[in-house]
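The listed protein sequences correspond, in order, to chains X and Y. Quick note on this note's numbering: the first sequence kicks off at 525 and runs consecutively. Quick note on this note's numbering: the second sequence kicks off at 309 and runs consecutively. Written below as C-alpha cells is the structure these notes are about.
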Amino acid sequence: MNPQPPEAPEKARLNIGFIALTDCASLVLARELGLFEKYGLDVRLSRQPSWAAVRDRVHLGQLDAAHMLYGLVYGAHLGIGGPRTDMAILMGLNHNGQGIVLSKQLREQGVVDAASLKRLIDRKQRSYTFAQTFPTGTHAMWLYYWLAAAGIDPLRDVRIISVPPPQMVANMRAGNMDGYCVGEPWGGARAIQEGIGFAVTTTQAMWRNHPEKVLGTTREFVEKYPNTARAMIRAVLEASRYIDTMANREHVARVIGAEDYVGAPAEVIAGRLRGEYEDGLGRKWQEADYMKFFNEGEVNYPYLSHGMWFLTQLRRWGLLTHEVDYLAVARQVNQVELYSEVARSMDVAVPHSPLKAERLFDGVLWDPARPAEYLDQFAIKA
Amino acid sequence: MPARVLIIDAQSERTQPLAQALAEAGFEVAGIVAESDDVHGAVRSLQPDAILIDADSPSRDTLEGLAVLGKRFPRPILMLSESADTDLVRDAARLGISTYAVDGISPALVRSLVEVTMAHFQSQRSLTMELREAQQALQDRRLIDKAKYRLVEEMHMSEEQAYHQLRRMAMERGMKIAELARLLIEHGAAG
Numbered sequence: 525m526n527p528q529p530p531e532a533p534e535k536a537r538l539n540i541g542f543i544a545l546t547d548c549a550s551l552v553l554a555r556e557l558g559l560f561e562k563y564g565l566d567v568r569l570s571r572q573p574s575w576a577a578v579r580d581r582v583h584l585g586q587l588d589a590a591h592m593l594y595g596l597v598y599g600a601h602l603g604i605g606g607p608r609t610d611m612a613i614l615m616g617l618n619h620n621g622q623g624i625v626l627s628k629q630l631r632e633q634g635v636v637d638a639a640s641l642k643r644l645i646d647r648k649q650r651s652y653t654f655a656q657t658f659p660t661g662t663h664a665m666w667l668y669y670w671l672a673a674a675g676i677d678p679l680r681d682v683r684i685i686s687v688p689p690p691q692m693v694a695n696m697r698a699g700n701m702d703g704y705c706v707g708e709p710w711g712g713a714r715a716i717q718e719g720i721g722f723a724v725t726t727t728q729a730m731w732r733n734h735p736e737k738v739l740g741t742t743r744e745f746v747e748k749y750p751n752t753a754r755a756m757i758r759a760v761l762e763a764s765r766y767i768d769t770m771a772n773r774e775h776v777a778r779v780i781g782a783e784d785y786v787g788a789p790a791e792v793i794a795g796r797l798r799g800e801y802e803d804g805l806g807r808k809w810q811e812a813d814y815m816k817f818f819n820e821g822e823v824n825y826p827y828l829s830h831g832m833w834f835l836t837q838l839r840r841w842g843l844l845t846h847e848v849d850y851l852a853v854a855r856q857v858n859q860v861e862l863y864s865e866v867a868r869s870m871d872v873a874v875p876h877s878p879l880k881a882e883r884l885f886d887g888v889l890w891d892p893a894r895p896a897e898y899l900d901q902f903a904i905k906a
Numbered sequence: 309m310p311a312r313v314l315i316i317d318a319q320s321e322r323t324q325p326l327a328q329a330l331a332e333a334g335f336e337v338a339g340i341v342a343e344s345d346d347v348h349g350a351v352r353s354l355q356p357d358a359i360l361i362d363a364d365s366p367s368r369d370t371l372e373g374l375a376v377l378g379k380r381f382p383r384p385i386l387m388l389s390e391s392a393d394t395d396l397v398r399d400a401a402r403l404g405i406s407t408y409a410v411d412g413i414s415p416a417l418v419r420s421l422v423e424v425t426m427a428h429f430q431s432q433r434s435l436t437m438e439l440r441e442a443q444q445a446l447q448d449r450r451l452i453d454k455a456k457y458r459l460v461e462e463m464h465m466s467e468e469q470a471y472h473q474l475r476r477m478a479m480e481r482g483m484k485i486a487e488l489a490r491l492l493i494e495h496g497a498a499g
C-alpha cells in the first residue's frame, strides 16, 4: 500500500530541469521508479542546455525546480552577474564525484600535481587557461580553491573560462584549455578514456563529502506550494536511498546513461559509481568517498554552514561585492525546517545542528561560527 | 553611436535576415558567430554592447563567465524596469531568445532590440509551426489507419465499423482518436 502524504500537493504537474551529469541521478530515479507518482506528482524531467538556462527558467517559472549547482542558487539569490530572485534550496542531491583534469601537454612538461603546475606557471612561458562550468558554481569554487591552495592566483595568474560540462572534453582535445573542473562522467573518466588528460585531484580529496548539487527552486514556489515541495523532497529522498544501495548502482547507471538523460555509456558511469577510480598517471584505486546521494540523509540535509561556505567563496573571489550576514542569507535560502519535517517522517536522521565545522585538504578549518575570520586568513583572494 | 550587437547562432538561414532587420532598426551588427566558434574570444575582441543568443545554446554559460568579469561585458537580461517590458523579455525567453546587454545601454534600447528580434523570430516560428502541424496531421492519419486495419483484421469489422469503434472508444476515454490508435497499436486491441 502506498502511504499517502499528509496533504495533497497544491500543484501536481511539475517540470523539473536537470543537466546531463551523473549527479542528476536521484531526480531521474525518482521518476523512473514511480516515486514522484507515488507521492501525487506528475513530473516531466527536462534536460537543459546550460546552467544559464536552468537559472532563467526557474526564475521565470518555466521550470518548477531543478538540479542546480550549490553556488549558482546563491548567485541567483544575490543577483550576481545576472537577474536576482529569492531562491530556495529544498535539499542536497549529492556529495563528491567532481574532479580537476589537466591536459596531456602539461603532463609532458612535467606537471603531475599542484606544486609542479605552480612551478610551470611561474616560468611564464605562455598564458594558461582553465575552465569551470559557471562563474558562481561549485566547479569554479573547487578550481579556484585548489589553484589558490597551491599558490596560483586564479584571477591573476591564469585565464578562466566557463564551458558547459558535456563540451569540456571536446574543448580540451581542441587545445582550448590546459585544465578544467567538472562533474562525472565528463571529468576524469572520459578524459582518461580519451587520453587527453589526467585527473590531478578529485573534489572529495579536497573536501571529503562536500556539498555539490541541490534541488533548487524559488522562495515564491515554496511559499505557494509547500505540500508540493514536501512531496518532491519525499520522492527524491526515497530515490537517493535507493541509489546509495550499492547493489542498485548498475541499474542506476543504465537508467541515467540513456540518451534522454546523461547520454553517456552506462559502463563509464557505472565504474565511478562503484568507486573504481584511476588518475591517468597509472594509479588505480577503490575510492571510499565516491559519489553519494544519501549517506543516511547526511547528503540531503541542507546544512546552513554549506550555504555559508559558498557565500564566503563568492565574497573571496569578488563575485559578491558587498558584505552580507552569511547566516541570515543561508537561513533565507536553505529550507531546513521543511526538509527536516519530511526526513523525520521517513525515519531519516536529521542532525542536531544546521552548522558543522569542516576541515579542507589544505588543513584550513571552516568554522561557520567565524566566517569573517575564515575569509581573512586566505592570502590569495580578489 | 548605434548599439553594437553580436549574434550567436548557428542557423544562418534565420540569422542573416535578422542581422538585416537589426541594421534597418538602427543597430550595428558587430558580428555573427556560430556556437561552435570561439565565443569567448569573439566577445572579448568585438566588445559588443548587446548579445542575442538562442536560449538553448550551450554557449550561454561562456557568456555568463564573461558577464562577471566587469562592466564592459554584457550581462543576462531577464527583465527590464517597467512591468510591461518584463513581459516582453519573458515572452522572448519563451520564444527561445536570450538577451545580454552591458549596464550602460538604456532599457528603451534593449526593448527595441528584443522587439525587432521577436518580430523576426515570430514570423519564422509561425512557418515552422505550420509545417509541424501538417506533419502531425499526417502522422495521426497513419496511426488511425493502422489501428483501423488491425480492427478490420482481428475483429472482422468493416472499415467503417472499425472507424466508429475507434471514435467511440476514444470518446469514452476522453482521448484523441490518434492517441487511442497509438495505444491500440502498442498494446493490442484487448485493452
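A virtual CB, placed ideally from N, CA and C, is assigned to each residue, including glycine.
Which residue comes first and which comes last in the beta strand (DSSP E) that contains residue i?
| i | result |
| --- | --- |
| X/L514 | The shown model of chain X, from 525 to 906, leaves out residue 514 of chain X, and the question about it has no answer. |
| X/S877 | Unbroken run through X/S877: none, as it is neither H nor E. |
| Y/V337 | E336 to V341 |
| Y/A358 | A358 to D362 |
| X/Q649 | Note, X/Q649: premise wrong, no beta strand (DSSP E); not H, not E. |
| X/F722 | G721 to T726 |
| Y/P384 | R383 to I385 |
| X/L761 | Taken as a continuous stretch (DSSP letters only), X/L761 belongs to no beta strand (DSSP E), being part of the alpha helix (DSSP H) at P750 to I767. |
Span of the alpha helix (DSSP H) holding residue i?
| i | result |
| --- | --- |
| X/R868 | V860 to S869 |
| Y/V313 | No alpha helix (DSSP H) holds Y/V313; the beta strand (DSSP E) holding it covers R312 to I316. |
| Y/V351 | V347 to L354 |
| Y/Y500 | Outside the shown range of chain Y (309 to 499) lies residue 500 of chain Y, about which nothing can therefore be said. |
| Y/E372 | R368 to A375 |
Going by the DSSP bridge assignment, what does residue i pair with across the sheet?
| i | result |
| --- | --- |
| X/W575 | BP columns for X/W575 are empty, so no partner. |
| X/L808 | The amino acid at residue 808 of chain X is misidentified as Leu; the sequence shows Lys. Its beta-bridge partners are X/E802. |
| X/M615 | X/L739 |
| X/P533 | Answer is none; X/P533 lacks a bridge partner. |
| X/A590 | X/G541 and X/G740 |
| X/C548 | Note: X/C548 sits in no beta bridge, so no partner. |
| X/I685 | X/A655 |
| Y/S406 | Y/I361 |
| X/Q622 | X/G707 |
| X/S570 | X/G541 |
Would you report the Cα separation of residue i and residue j, rounded to the nearest angstrom?
| i | j | result |
| --- | --- | --- |
| Y/R419 | Y/S353 | 25 Å |
| X/Q856 | X/E561 | 29 Å |
| X/I757 | Y/I340 | 44 Å |
| X/A907 | X/P689 | With chain X covering only 525 through 906, there is no way to say anything about residue 907 of chain X. |
| X/I685 | X/M696 | 12 Å |
| X/G799 | X/Q728 | 12 Å |
| X/I645 | X/V724 | 16 Å |
| X/Y850 | X/P895 | 8 Å |
| X/S764 | X/G634 | 41 Å |
| Y/L488 | Y/M477 | 8 Å |
| X/F902 | X/H846 | 18 Å |
| X/R883 | X/R732 | 9 Å |
| Y/A400 | Y/S406 | 7 Å |
| Y/H464 | X/G558 | 39 Å |
| X/L593 | X/R650 | 32 Å |
| Y/I359 | Y/R440 | 29 Å |
| X/L596 | X/T662 | 8 Å |
Please classify residue i: is it buried, with 16 or more other beta-carbons within 10 angstroms of its beta-carbon, or exposed?
| i | result |
| --- | --- |
| Y/G499 | Confidence in Y/G499 is poor, its pLDDT being 43 and thus under 50, which makes the residue's placement too unreliable to answer from. |
| X/N526 | Caution is warranted here: a pLDDT of 47 is assigned to X/N526, below 50, making its placement in the model unreliable, and the coordinate value is therefore given only provisionally. X/N526 is exposed by the Cβ-count criterion. |
| Y/G412 | exposed |
| X/R778 | exposed |
| X/L587 | buried |
| X/Q691 | buried |
| Y/P382 | buried |
| X/V888 | exposed |
| X/K748 | exposed |
| X/Q656 | buried |
| X/H583 | buried |
| X/L805 | exposed |
| X/A852 | exposed |
Contact defined as beta carbons within less than 8 Å: I believe residue i pairs with residue j. What is the distance between those atoms, to the nearest angstrom?
| i | j | result |
| --- | --- | --- |
| X/G842 | X/A906 | 3 Å |
| X/R743 | X/A612 | 5 Å |
| X/T653 | X/N620 | 26 Å between Cβ atoms; not a contact. |
| X/W670 | X/I624 | 6 Å |
| X/T660 | X/G707 | Incorrect: roughly 16 Å between the Cβ atoms, too far for contact. |
| Y/D357 | Y/R312 | 5 Å |
| X/K642 | X/A674 | 5 Å |
| X/L614 | X/L862 | 7 Å |
Is residue i near the ligand GDP, going by C-beta to nearest heavy atom under 7 Å?
| i | result |
| --- | --- |
| Y/D395 | The model on display carries no ligand, and the ligand GDP is accordingly not part of it. |
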